[in-house]
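Q: The structure under discussion is supplied below as structure tokens; questions concerning it will follow.
Residue numbers (this note's numbering): 3 to 95.
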């Protein structure tokens, strides 16, 4: 009968160690899961920031292209006016 109790204590101890391992694995998994969630959130935040930067970049590029077109048109107008004024007679009698 004592061998039965000895074996029972042995298995209870083994079960206790396994339960402790399981608890440790659950804690590690929980930490890993939280860490993964934090990393995913950081990645999503970074993607949102980059999307905003891309939109801003596109808006700036559009504004610069429009400004460039306006400057070219103004220079072309100035050049044609200069040519026109140089061809006008200097004195009108």
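By construction, the Cβ of each residue, glycine as well, lies at the ideal position given by its N, Cα and C atoms.
Remember, it's a predicted structure, so these values are computed and weren't measured experimentally.
From residue 13 to residue 41, what does the alpha carbon distance come to, in whole angstroms?
A: Within the chain shown, the letter at position 11 stands for residue 13. Within the chain shown, the letter at position 39 stands for residue 41. When rounded, the distance between both Cα atoms is 41 angstroms.
Q: How many angstroms separate the CA atom of residue 7 from the CA atom of residue 35?
A: The count along the chain shown starts at 1 and reaches residue 7 at position 5. The count along the chain shown starts at 1 and reaches residue 35 at position 33. Roughly 41 angstroms separates the two Cα atoms.
Q: Where residue 5 and residue 18 are concerned, what is the direct C-alpha to C-alpha distance, given to the nearest angstrom?
A: The sequence position of residue 5 within the chain shown is 3, counting from 1. The sequence position of residue 18 within the chain shown is 16, counting from 1. Cα to Cα, the separation comes out at about 20 angstroms.
Q: State the Cα-Cα distance for the pair residue 39 and residue 55, rounded to the nearest angstrom.
A: Residue numbering aside, residue 39 sits at position 37 when the chain shown is read from its first letter. Residue numbering aside, residue 55 sits at position 53 when the chain shown is read from its first letter. Whole-angstrom Cα-Cα distance: 24 angstroms.
Q: Go through the stretch 28-84 residue by residue and report every complete run of the alpha helix (DSSP H) that reaches 4 residues or more, in order.
A: Complete alpha helix (DSSP H) runs here, min 4: none at all.
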